[in-house]
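Here's the structure we're looking at; comments come further down.
Numbering (this note's numbering), first residue to last: 888 to 1075.
Below, the structure written as C-alpha cells:
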C-alpha cells in the first residue's frame, strides 16, 4: 500500500498490539481503506423512515465503531513505529516528520486523523482514476495492444515495479490523459 508513504516508506507489515498479530500490507489496506469505504455506503434503515430516527440501530453503530477502533489501533501502531524511527535518529523527511516538527500541540487523536486522511483520500482518487483509465482502454483495442506491448517489453510477465515506471512512457501518458479527461477531484 504505497499510500502509507506519508510515513516515509512503503509499509509491508506491522505488529498491532491490540490485535496481538502482525498485519500484512493487504490487512492494513483493508482496515484503513476498504472497511471505511464499505462503511460509507452502508445503508441505515432509519434514513428511509425519518420519524423512526429515535430507535437505535445498534448493529450499524457497532459496526462503524468497530471499523473506527480498528483504524485507531493500526494508525497508533504506525505512529509508534515512526516514533521509534525518530528516537533512533533516522530522519526520512516525510509528512509525519513535518507534522512532528511543526505541530507541537497536536493531540494523538489529531495526529491519527492528520496521517489517516491522506491515506484514505489517495486511495479513493487512485481507485477512481484507475477505473476511468480501464474504461477508456476498454473502448480502444489499438491502445490496449500498444500498452500491452510496452508492458511485455519492459516487465515481461512479471508484476510492474516502481523502478520500471520510468521505462513505461505510454502507461504514464495514459494516466496523464485520464487525469486530464476525468479528474477525480474538482479543479477550480
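From the three backbone atoms N, C-alpha and C, an ideal C-beta is built for every residue, glycine too. Model, not experiment: these values are computed from the prediction.
Residue 973 versus residue 991: straight-line alpha-carbon distance, rounded: Within the chain shown, the letter at position 86 stands for residue 973. Within the chain shown, the letter at position 104 stands for residue 991. So the two alpha carbons sit approximately 15 Å from each other.
Cα-Cα separation, residue 946 to residue 931: Start at 1 with the first residue of the chain shown, and residue 946 comes out as number 59. Start at 1 with the first residue of the chain shown, and residue 931 comes out as number 44. C-alpha separation (whole angstroms): 10 Å.
Paired residues, beta bridge with residue 903 - DSSP: Your numbering for residue 903 matches position 16 in the chain shown. Answer is 908.
Pick from 922, 977, 1005 and 967 that is closest to residue 952, judged by C-alpha positions: Residue mapping note: residue 952 aligns to position 65 of the chain shown, counting from 1. For the residues 922, 977, 1005 and 967, the minimum Cα distance to residue 952 belongs to 922.
Within the stretch 981-1064, ranges of the alpha helix (DSSP H) (whole runs, at least 4 residues): 982-989, 995-1025 and 1028-1042
Counted within 10 angstroms of its Cβ, other Cβ atoms place residue 999 as buried (16 or more) or exposed: If you number the chain shown from 1, residue 999 lands on position 112. Counting Cβ neighbours within 10 Å, residue 999 comes out buried, since at least 16 surround it.
Alpha-carbon spacing of residue 978 relative to residue 927, whole angstroms: Position 91 of the chain shown, counting from 1, holds the residue named residue 978. Position 40 of the chain shown, counting from 1, holds the residue named residue 927. Cα to Cα, residue 978 sits roughly 36 Å from residue 927.
For residue 1023, the nearest candidate out of 1066, 1049 and 933 (CA to CA): Indexing the chain shown from 1 puts residue 1023 at position 136. When only C-alpha atoms are compared, the closest one is 1066.
Spatial distance of residue 913 from residue 919 (CA atoms): Here residue 913 refers to the residue found at position 26 of the chain shown. Here residue 919 refers to the residue found at position 32 of the chain shown. When rounded, the distance between both Cα atoms is 10 Å.
Start and end residues, alpha helix (DSSP H) containing residue 970: Start at 1 with the first residue of the chain shown, and residue 970 comes out as number 83. From DSSP, the alpha helix (DSSP H) with residue 970 extends over 945-974.
Residue 1044 to residue 1025 span [Cα, whole Å]: Counted from its first residue, the chain shown places residue 1044 at position 157. Counted from its first residue, the chain shown places residue 1025 at position 138. Looking at the two C-alpha atoms, the distance is approximately 21 Å.
Cβ shell of residue 1061 (< 8 Å), same chain only, five flanking positions each side left out: To locate residue 1061, count along the chain shown from 1; it is residue 174. Cβ neighbours of residue 1061 beyond the five flanking positions: 1020, 1023, 1024, 1030 and 1034.
Reference residue 1068; option with closest CA among 982, 1018 and 957: To locate residue 1068, count along the chain shown from 1; it is residue 181. Of the listed residues, the one whose Cα sits closest to residue 1068 is 1018.
8 Å CB neighbourhood of residue 986 in its chain, flanking five on each side removed: By 1-based counting over the chain shown, the position of residue 986 is 99. Counting only Cβ-Cβ distances below 8 Å, and skipping sequence neighbours, we find 993, 998, 1001 and 1002.
Where residue 957 falls, given that 16 or more other Cβ within 10 Å makes a residue buried: Working through the chain shown from its first residue, we reach residue 957 at position 70. Buried: at least 16 other Cβ atoms inside 10 Å.
Reduced DSSP secondary structure (H/G/I, E/B, other) of residue 941: Along the chain shown, read from residue 1 onward, the residue named residue 941 stands at position 54. Correct three-state label for residue 941: coil.
Exposed unless 16 or more other CB atoms sit within 10 angstroms - verdict on residue 900: Here residue 900 corresponds to residue number 13 of the chain shown, with the count starting at 1. Flag for residue 900 reads exposed.
Short Cβ contact (8 Å threshold) for residue 1072 with residue 1012: Sequence index remark: in the chain shown, residue 1072 carries index 185 (1-based). Sequence index remark: in the chain shown, residue 1012 carries index 125 (1-based). Cβ atoms of residue 1072 and residue 1012: closer than 8 Å.
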